[in-house]
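As you go down the protein sequences, you meet chains L and E in turn.
Count along the first sequence from 1, then add 4; that gives the number in the numbering used here.
Going by the numbering used here, the residue at position 451 of the second sequence is 449; the numbering climbs one at a time, nothing skipped.
Quick reminder that beta carbons are idealized off the backbone N, C-alpha and C, glycines included.
Here the structure is a predicted model, which means the values were calculated and not measured.
What follows is a set of notes on a single structure, which appears directly below.
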Amino acid sequence: MAKQFPYIGNSEIEQEAILEYLGIKSAEDLFVDIPKEYRDSNLSEIPSSISEMQLVEHLTLLSEKNINPNPSKSFIGAGAYHHYIPSTVLSLAQRGEYLTSYTPYQAEVSQGTLQVTYELQSLITELYGMDVANAGMYEGGSSLAEAALMACRVKNIYKVACLSTIAPRYKEVLRSYLAPQSIEIVFMDTNDVDMKKDEYACLIVQYPNFYGSIEDMRALSDTAHKSNSLFVVSADPLAAVMYKAPGDYGADIVVGEGQGLGIPISFGGPYIGLFACKSEYLRQMPGRIVGKTVDKRGDSAFVLTLQTREQHIRRERATSNICTSEALMGLMMTIYVATLGKSGLQQVASSCFHNAHYAAEQISQIDGFELINSQPFFNEFVIACPISPKIINKKLIEVGIIGGLDISDQIDNGILFCFTEIHSKESIDSLVDNLKHVN
Amino acid sequence: MSEYNKMPLLMDLSRKDKFGVSLSDIDVPLSELPESSLLREDIQLPELSQLDVVRYFTNLSQMNYSIDTQFYPLGSCTMKYNPKINDQLASLKGFSNIHPLIEESLVQGSLELMFNLQSYLSNISGMTATSLSTMAGAQGELAGVLMIKAFHEKQSTSSKRNVILIPDSAHGTNPASASMAGFSVKSIPSDQNGNMDIDVLKENANENLAGIMLTLPSTLGLFDNQIVDICNIVHEAGGLVYGDGANMNAWMGQTKLGDLGFDVIHINLHKTFSTPHGGGGPGSGPVCVNDTLLNYLPGPVVQRNSNVYEFVEMPDTIGHLGAFHGNFGVLVRAYCYIRALGKEGIPEVSKNAVMNANYIMNKLKHAYDIGFDNRSICMHEVVFTARKQKQNGVKGLDIAKRLLDYGYHAPTMYFPLIVDEALMVEPTESESKNTLDKFIDAMLQIADECENNSELLHEAPHNTPVQRLDEALAARQPNLKWSTK
C-alpha cells in the first residue's frame, strides 16, 4: 500500500473511485496541459515525511537551539515588547471557529469575526482618540508607510516630512514603500522642523519616539497644520493609555504597532498594524473596514463596508493592495483589552512607567552611565555607557540577562532599555547590580 | 439561532470596576508623574469579569463558519485543513517568546528553520532563492514588482519600462500592487479557451514593457499550455515574468514555475502550506526568485556560513517592507507542514486537489454550466456559471447564499470577472470523496430548487445567525465603532 498522509482526505480506495468515475487510469492524465518536458517532481531538498511524534521532537530541538527565553530578564523593546498575556487570549483565539475561518465576505456566517472587528475598531479609536479605524494592517512599519501614502493622496502632494527620531527600521520601510512612487522623504530634527506652506503632504512623528521620549506634540501638530500638512503619528497604544491620545493633539492619521496588547513577541511576527484617522479622510483609508447595519429582518448585524476603496473592486485605483491582513492578531488584541479592562490596562501602563523610571534612576546613578533623555519618557530610555554596549550585553548574557538594544551606531555607547509590567523590583535590581560590575 | 442577533457589545456588558485578570502589584518606589497637561484624563474601556469575557468570545465564535466546522468550496482561497500540531509547535516558548532584535548567535534555531524553509520553497518553485520577509500575498506581489522595477532601473537609469501587463482574469491585488510600485497597468484579454490572447500580448511586447503578472493555473482553474511561449515573448521584449502563487496547490510537486520561465513568484503560506487563515490573516507571502532577480530580494534573507546562520541583505535589495523579519509564527507552521508531508506527500497534495476538482466538475456539469466549457480538464478549481439558472431569475449570489443553509460556505462569487455569474469551487485535497458527494448532492438539490422553488433562493439564507444584510445602508451611513457617550 502506498504511504498515506493524514492531511489528505481521500483514502486510496476513494482515490481509485474518483479516477474510475473520471474514466482515467491515473491522475497523470489530469496534468496533460503541463508541457511534458516540464513535468518535474524532483524535491531533493525536502526530507522524507516524518510522523507527528518525530515532528514534535524535531521542532522542540530546534526551539532549544534558541536562547532559553525568560522575559523578566529581558530588557529589550524598540518596537516589540514582552508583556504578560492572560490565559483568556490564547485559549479563546485558538478556537477553530476563529482560527480556521476565512475573511468575512459571507457576512451571514461570519458574524463572530465581524463583530470582533467592530469591537477592535472601536478600541483603536478610543486608545488613539480618533474618529475611525480600520480592521488592521500587517504591522507598525508598513502601517506607517501606508499612512504616508494616504497623506499624499489626500493632499495630492508627493513629498513628506518626517522627524529623524522615528525608529530606524520604520525609516527603512518608509523608503521601500515611498521611493517607487517618487515620493521624497525629508528627515528633520525635532528642534529644526522647517515646512513651507503646501510643501509637504504630512509631518510624521513617533509617539513616544524611538528613543523613548515624548515629543512636543502640540507644537509639532501646529507646525504641520500651519503649513497645510497632515499630522501623522505612529503611536504606542499602551503609552496612549497614560499619556494624552494623539487625537488630543489634532492628529489626522494615527498608526502603530498593536503587538504589545496581547500578541506574542514571536521573533517579530505576526503582529498587527493599527490604523486610524479623522472621519473626513475615511474614504482614503486603506484596508478592511467593518460597519454595523441591519439584516432583512431588521436585526442589527455587521458587514465589511466601504469596499469600493479596495483592490478586489477598484483594482489599480484602490487605496492599497492590502488583502489578507492580521485578523487573528486583532482578535487577540480585542480579547486582551477586554480581559484587562480599563483598570487593568491603566495598571499595566502605570507599571511600565514606574518600572522604567525606577530603572532609569538606578542605572544613571552608576558611575559612567548617563541617562540621555531630557524629555519625559514612558517605558523606554537611552543610556550612554562607559564602555561598548556590545561588551556589556555579552557579559549580561553570561548571567542570563538580555540587555537593551545596542544603538551605538546612533548614540555613542548608547543602549535603548525597555521596561514593562513583566519586570519586578528584583529583576531590575539584578540588572543594575550586573551593570555595576561590567566595568 | 435567533438569540445570537441580540449579541451585546463589550461596552453593553461593561459594569464599573470589573476586571478579568489579576495583575502583580507595582513593587518599585513610585516616581513622580509628568506634568498633568501631558497626561490623559480618562479612557473609556470595557470592564468585565473573566467569565464575561470567555462567554462573550465563545458565543461569538459560534456565529462563524470555519474549516474546523464546515467545508469551504471557496475558489482561489485554498481553504485546506490546518493541522493542529503546527499551532502547538509555533507556540513553543523557544519560538514564541523570542524578541526579534536579539543577537543572531542566540537565535540559531529560528534562523535554521527559516534557512531550511527558504530552501524548501526554492526547491518546490524551481527558483534560486527565497525571502520570507513579506507578510501576505499582496505584499509578496508588491515585493515582486518592486524587484522588477529595480532590475530595469539598474539596467538603465533612464529606463522607460513602466508597463505591467495583467490578464483580465487576475486577482485585484495584481493591478493594485503594480500600481503601488509606480507602474501603469495594461489588461490582456483571455481567448475563447480561457488562455491568454497571445496576439494582444505580442502587440504589447515592446520597449515599454517592464513585465507581466501571471497566475498559473489562471483563476479560471486552467493551466495555460502556451505558458512557455508567453515567457519567451516577454523575455525577448526585455520584460520579466511574475507568478502569482495563489494557485500553487495545483502544481506543487508536478512542475516548477522556475523551469517554465518565471523570474519571480510569491507563495501564500496561508493557502498552499496550510497555515490558518485566521478570519483574514495572518498570512505570509514569501517571494522566490531566479538568478536574474537574486540580488534584489527584500531583506532580510537568512544565509549559512560554515554552520552559523545569519541575516544578510542582498546587494541591490529593494529594502525592508516590515520592521522585522516577516511573520515568523506563520513560517513555523508552514515548515511543520512541509516536514510532515515530506517530498513524498507534496505531489500527493496537488494530485488529490486536482482529482477532487475534476470530480466536482464532472458531477455537476450537467446541472451548472462551466465558465469555459471547451476544456475537458480543470486543475485544482472549477469555475461554474449560473447563466442557465439566471433564466429562472436566480443569480449566482442566490445559489451561494442557499449553500449556507445546507451548511457549506459559499463558493467564490462573481470572480473571475470575465465569467458571467461565476461560482468558483476549490475543494482542496483535505476533503474526501465522501464530503464531496454530500456537497454535490446539495448543489444538485439547489439546481432543482432554481427551477421549482426560486423564491426560496432569493430569500436565502434562512438558517444562519443573521439574514442577508443591508450593505447599502452600511456604506451610506457608516457606523464603524461603538459610542462611548
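Name the residues in the stretch 11 to 24 of chain L whose C-beta lies less than 8 Å from a C-beta of chain E; which are they? Tyr11, Ile12, Gly13, Asn14, Ser15, Glu18, Gln19, Ala21, Ile22, Leu23
For Thr194 (chain L), three-class secondary structure by DSSP: helix
In whole angstroms, what separates the C-alpha of Asn204 (chain E) from that of Val417 (chain E)? 29 Å
Ignoring anything shorter than 4 residues or poking outside the stretch 312 to 394 of chain L, list the alpha helix (DSSP H) runs there in chain order. 315 to 318, 331 to 368
Using only the alpha-carbon positions, how far apart do Glu151 (chain E) and Ser157 (chain E) sit? 6 Å
Output, in chain order, the set of chain E residues within a Cβ distance shorter than 8 Å of Ile54 (chain L). Arg337, Ala338, Gly340
List the residues of chain L whose Cβ lies closer than 8 Å to the Cβ of Thr502 (chain E), in chain order. For residue 502 (chain E) there is no data in the structure shown, the boundaries of chain E being -1 and 483.
Counting contacts by CB-CB distance shorter than 8 Å, is Ser67 (chain L) in contact with chain E? By this cut-off, Ser67 (chain L) is an interface position.
Cβ-based neighbour list, Leu310 (chain L), same chain, cut-off 6 Å, excluding 5 preceding and 5 following: Ile293
What does the Cβ neighbour count give for Gln263 (chain L), buried or exposed, with the cut at 16 atoms within 10 Å? buried
Quick one: grab the DSSP three-state call for Asp257 (chain E). In this structure, Asp257 (chain E) counts as helix in the three-state DSSP scheme.
For Ile344 (chain E) and chain L, any beta-carbon pair shorter than 8 Å? Answer yes: the Cβ-Cβ gap between Ile344 (chain E) and chain L drops below 8 Å somewhere.
is_contact[Ser64 (chain E), chain L] using C-beta, thresh 8 Å: yes
Does Ile269 (chain L) have its Cβ less than 8 Å from a Cβ in chain E? At least one C-beta of chain E is nearer than 8 Å to the C-beta of Ile269 (chain L).
Would you tell me roughly how many angstroms separate the C-alpha atoms of Val136 (chain L) and Lys282 (chain L), rounded to the nearest one? 6 Å
Report the rounded CA-to-CA distance for Leu47 (chain L) versus Tyr333 (chain E), giving the unit in angstroms. 15 Å
Beta carbon proximity, Tyr79 (chain E) to chain L, threshold 8 Å: yes
Start and end of the beta strand (DSSP E) containing Arg302 (chain E)? 299 to 303
By alpha-carbon positions, which one of L:Cys206, L:Pro390, L:Ala151, L:Arg99 ends up nearest to Thr323 (chain L)? L:Ala151
Phe235 (chain L) at chain E interface by Cβ criterion, 8 Å: Taking Cβ atoms only, chain E never reaches closer than 8 Å to Phe235 (chain L), which makes this a no.
Below-8 Å beta-carbon distance, Thr343 (chain L) vs any chain E residue: yes
Alpha carbon to alpha carbon, how far is Ile395 (chain L) from Ala174 (chain E)? Give it in angstroms, no decimals. Answer to the nearest angstrom: the Cα atoms are 47 Å apart.
Quick one: list the residues of chain L neighbouring Ile231 (chain E), beta-carbon separation under 8 Å, in chain order. Near Ile231 (chain E) there are no residues of chain L at all, since even the closest Cβ is about 16 Å away, more than 8 Å.
Ignoring anything shorter than 3 residues, give me the beta strand (DSSP E) runs that lie fully in the stretch 365 to 428 of chain E, in order along the chain. Here the runs fully enclosed are 380 to 383, 420 to 423.
Can you name, in chain order, every residue of its own chain whose Cβ lies under 6 Å from the Cβ of Met9 (chain E), other than the five neighbours on each side? The residues are Pro44, Trp480.
Any idea what DSSP makes of Tyr215 (chain L), helix, strand or coil? coil
Here's a check: name, in chain order, each residue in its chain whose Cβ is nearer than 7 Å to the Cβ of Pro298 (chain E), leaving out the five neighbours to either side. Ser131, Phe309, Val310, Glu311, His323
Of all the CB atoms in chain L, is at least one closer than 8 Å to the CB of His150 (chain E)? no
Name the residues in the stretch 153 to 175 of chain E whose C-beta lies less than 7 Å from a C-beta of chain L; which are they? Gly170, Thr171, Pro173, Ala174, Ser175
Note down, in chain order, every chain E residue with its Cβ under 7 Å from the Cβ of Glu176 (chain L). Gly317, His318
In this structure, what does DSSP give as the bridge partners for Phe35 (chain L)? For Phe35 (chain L), which the question treats as bridged, DSSP gives no partner whatsoever.
Specify the secondary structure class of Leu26 (chain L) as computed by DSSP and reduced to three states. helix
Minimum C-alpha distance to Glu30 (chain E) - residue among L:Phe382, L:Pro268, L:Asn397, L:Asp193: L:Phe382
Go through its chain and collect everything with a Cβ distance to Leu7 (chain E)'s Cβ below 8 Å, but skip five positions before and after it. Trp480
Chain L contact residues for Cys75 (chain E), given Cβ-Cβ distances below 7 Å: Tyr106
CB contact check: Pro250 (chain L) to chain E, cutoff 8 Å: no
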